[in-house]
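Input: a single structure, listed below in structure tokens.
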Amino acid sequence: MTFTPIELRDYVRKHLKSNPGDKKAEVVACLQSALAAYKAGERCSCGEPIRVIGSSQVGHMCFTCITGEADCSDDYEIAEACDKLRAP
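Note that the numbering used here numbers the sequence shown so that position 40 is 135, with each residue one more than the last.
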């Protein structure tokens, strides 16, 4: 399972374009909080690592628990989280 990596600032830009009513500072703060939880090793209730982008919006859960899908290849994830997933 591999996400398409995206830098946080680039994701925020895309998010705000699709969600013009959202406030940039709030989006960034939620992403940074979820990224910090991910880096600290927080896990979904199913035991899998949390997904940063999804967790920033709906609570700390993994991709499958958030979406009900197993294939994340067409989905973005913050690049820092993708790097950790690839680490041995």
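The beta carbon of each residue, even a glycine, is placed where N, CA and C say it ideally should be. Only a predicted model underlies this, so the values are computations on that prediction, with no experimental measurement involved.
Query: Look up P115 in the DSSP assignment and give the residues it is bridged to.; Result: Bridge partners of P115: none, in fact.
Query: Please name the residue in L111, L126 and S140 whose C-alpha comes closest to that of E172.; Result: L126
Query: In the DSSP assignment, what are the bridge partners of T186?; Result: Outside the displayed span of the chain (96 to 183) sits residue 186, for which this structure offers no information.
Query: Would you check if the stretch 133-152 and the stretch 160-176 touch, i.e. whether three or more CB-CB distances between them fall below 8 Å?; Result: yes
Query: By DSSP, does R146 sit in helix, in strand, or in coil?; Result: coil
Query: Between which two residues does the alpha helix (DSSP H) carrying C160 extend?; Result: F158 to T162
Query: Around the Cβ of S168, are there at least 16 other Cβ atoms within 10 angstroms (buried) or fewer (exposed)?; Result: exposed
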